[in-house]
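Working notes, beginning with the structure itself.
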Amino acid sequence: MASVDYQSSFILILILSFLFVYYFKKPKNVSNLPPSPPSLPFIGHLHLLFSCSIHKSFQKVSSKYGPLLHLRNFNVPVVLVSSASVVYEIFKDHDMNVSSHGAIGNDDCIVFGSSGFIQAPYGDYWKFMKKIIITNMLGPQALERLRGVRAVEVERFYRNLLDKAMNKQSVEIGEEAMRLDNSILGTMSMGRGFSKENNEAKVSKFTVEFASLAQKIFLAQILRKPLEKIGISPFKKEIMDASYRFEELLERIIVKCEERVYEDQGPEVMETLLAAYRGDNAEYKITRNQIKALLAELFFGGGDTSSTTTRWAMAELINNPKVLERLREEIDSMIGETRLIQETDLPKLLYLQAVIKESLRLHPPGVLLPREFEHGCNIRGFYIPKGTKLVINAYAMMRNPNSWKDSDEFKPERFLGKEEEKREKLLNFLPFGFGRRACPGSNLGYILVGTAIGVMVQCFDWDIGGEKVNMEEASRRAFLAMAHPLKCTPLPRILNPLPSL
């Protein structure tokens, strides 16, 4: 009997060894690749990713081995870049070649799946969907048309904070910002019925859940091909459980939108999407799942990232009272105390803009920017084979001490220099990506963050119940979040900035 068990174990080990050698063998040697750290058999450099958060693991590797590296996770080749000059060269000479994100972590997932806009290959579908959201929601003319929608939600945001302040209630700043951002995004894309039906709270719940899954989605994207060869779909059950529930909510919201569109009361974005779904003379016919995926990514890529930035920025301001006082002086001198800050004030509030940029530099929501090389090419004298993953570590770039003096300190003044100095800084500043696949919602993002911070600084003092905010980063997250809630008690500092109060 023992002999049979021994033989079975021996055969199993042989089979597993064969599978590992066959599926996870190193790719054929290609000469003149970028430098590479020492690797382990089979898994390559995968072990380097798990000492801490992925972006910090990559930062450690780059600081030791260089800003342009060749890594291998199982048999998946990866080029890791943490230098602004290398990134600039890639997108100047190879933007089209890296215009796709490559393999999708999970085809059926409503966020970052095959139906989505963010992960879609560069082509007709991606161009069509970008045209819709730029024309109807994110472009300059659309933003101007929908300014009144945002103003209503900002006033509601202020009234809610004032109510909490009068009742001496504490608030979690990130949650309040997310409620504001999702209300604005939902109303801009799906009409006023979105907020009336309390959908922002339901959507916020799912965006928080997907934010906690972001690192697993990123790893699934990197590891999908080798692991699926032996029947493993990394994190699929956990990701799809959240996806199905989010999809059910979006379906109910879309049904309500259809009713309003048929009554000629629907917003332009949803009307255009539904027309393309029905095939009403649309230049590109889309599916219902593609509508849901676009909305999901809008909330995840817009609402979650903007509210996260607002939370980080307010934490930095509370921890740096001199910066907070200077910002408040700017707002008071430009706007006064008789009206609420408006988004039309933002362009002239230069120090507020600098505060937002400095917060984005230290705490970019998207710390890693993944792409894929569709064709082989040469970069800095090194050959990059077709199909190689490109990972840009924006976090490491924007904390590089060679590019930023006192790189780990919060100093908004660095963005107030001469125009030439500011242009040089912006070459090292990548909070919204780069090239043709850069985030199309960056202008709206600045508006969402700027108005939220403006209201909170103009109208309230903030009691945190201690000396300093804990700035620890959440671990095991692909998107940069605070490890601890930012709970504060708002204290009114100006009276009646709204005429109706």
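Just so you know, we're using this note's numbering here: the sequence shown kicks off at 1 and counts up by one. Where is the CB? At the ideal position from N, CA and C, for every residue including glycine.
Check: DSSP-derived helix/strand/coil call for Lys468; Outcome: coil
Check: Ala165 versus Trp462: straight-line alpha-carbon distance, rounded; Outcome: 10 Å
Check: Collapsed DSSP secondary structure at Ile453 in the structure displayed; Outcome: helix
Check: Nearest to Thr489 (by Cα), restricted to the options Gly376, Glu473, Gly466; Outcome: Gly466
Check: Given 8 Å, three or more beta-carbon pairs between the segment 280–300 and the segment 147–161; Outcome: no
Check: Beta-bridge partners of Asp95, as assigned by DSSP; Outcome: Per DSSP, none; premise fails for Asp95.
Check: Within the segment 161–186, ranges of the alpha helix (DSSP H) (whole runs, at least 4 residues); Outcome: none
Check: Rounded C-alpha distance that separates Ile13 from Pro41; Outcome: In this prediction, Ile13 has a pLDDT of 47, which is less than 50 and means its spatial position is unreliable; what the coordinates show is noted afterwards. Cα to Cα, the separation comes out at about 16 Å.
Check: Alpha-carbon to alpha-carbon, Pro401 and Tyr122; Outcome: 35 Å
Check: Among Cys459, Asn319, Cys377, Cys109, the one whose alpha carbon lies nearest that of Glu329; Outcome: Cys459
Check: Helix, strand or coil at Ser100 [DSSP, three-state]; Outcome: strand
Check: Where the beta strand (DSSP E) through Phe382 begins and ends; Outcome: 382–384
Check: Under the three-state DSSP convention, the category Pro431 falls into; Outcome: coil
Check: Any 3 or more C-beta pairs closer than 8 Å across the segment 85–96 and the segment 378–386; Outcome: yes
Check: Check whether Gly102 and Glu372 have beta carbons under 7 Å apart; Outcome: yes
Check: Rounded Cβ spacing between Met314 and Ile464 (contact assumed at less than 8 Å); Outcome: Actually they are not in contact, since the Cβ atoms of Met314 and Ile464 sit about 10 Å apart, beyond 8 Å.
Check: Through-space distance from Ser359 to Pro347, alpha-carbon basis; Outcome: 18 Å
Check: Cys377 - partner residues in DSSP beta bridges; Outcome: Ile384
Check: Distance between beta carbons of Val171 and Leu327, contact taken as under 8 Å; Outcome: About 20 Å separates the two Cβ atoms, so there is no contact after all.
Check: Distance between beta carbons of Asn393 and Leu80, contact taken as under 8 Å; Outcome: 7 Å
Check: Phe299 - DSSP class collapsed to helix/strand/coil; Outcome: helix
Check: Simplified DSSP assignment, three categories, for Phe18; Outcome: Note on Phe18: pLDDT 42, under 50, position unreliable in the model; the coordinate value appears next. Phe18 falls in the helix class under three-state DSSP.
Check: His363: first and last residue of the uninterrupted alpha helix (DSSP H) it sits in; Outcome: First-last for His363: undefined, no H or E at that position.
Check: Range of the contiguous alpha helix (DSSP H) that encloses Asp124; Outcome: 124–133
Check: Rounded distance between the beta-carbons of Pro38 and Lys389, thought under 8 Å; Outcome: About 20 Å separates the two Cβ atoms, so there is no contact after all.
Check: Alpha-carbon spacing of Asn496 relative to Ile341, whole angstroms; Outcome: 12 Å
Check: For Gly301 and Leu250, the rounded distance between their alpha carbons; Outcome: 16 Å
Check: Contact belief for Val154 with Val455 at Cβ below 8 Å, rounded distance in angstroms; Outcome: 6 Å
Check: Option nearest Tyr284 by Cα separation, candidates Leu69, Trp126, Met398, His363; Outcome: Trp126
Check: Cutoff 8 Å; reference Ser189; Cβ partners in own chain excluding five residues on either side; Outcome: Met137, Pro267, Val269, Met270, Leu295, Leu298
Check: Close Cβ partners of Lys168 (< 8 Å) along its chain, the five nearest in sequence each way excluded; Outcome: Thr489
Check: His55 - DSSP class collapsed to helix/strand/coil; Outcome: helix
Check: Reference Arg399; option with closest CA among Ser82, Leu33, Thr338, Asn73; Outcome: Ser82
Check: Of the listed residues Glu472, Val355, Leu273, nearest to Val323 (C-alpha basis); Outcome: Val355
Check: Bridge-paired residues (DSSP) for Phe460; Outcome: Pro492
Check: CB-CB length for Ile133 against Pro440, believed under 8 Å; Outcome: 6 Å
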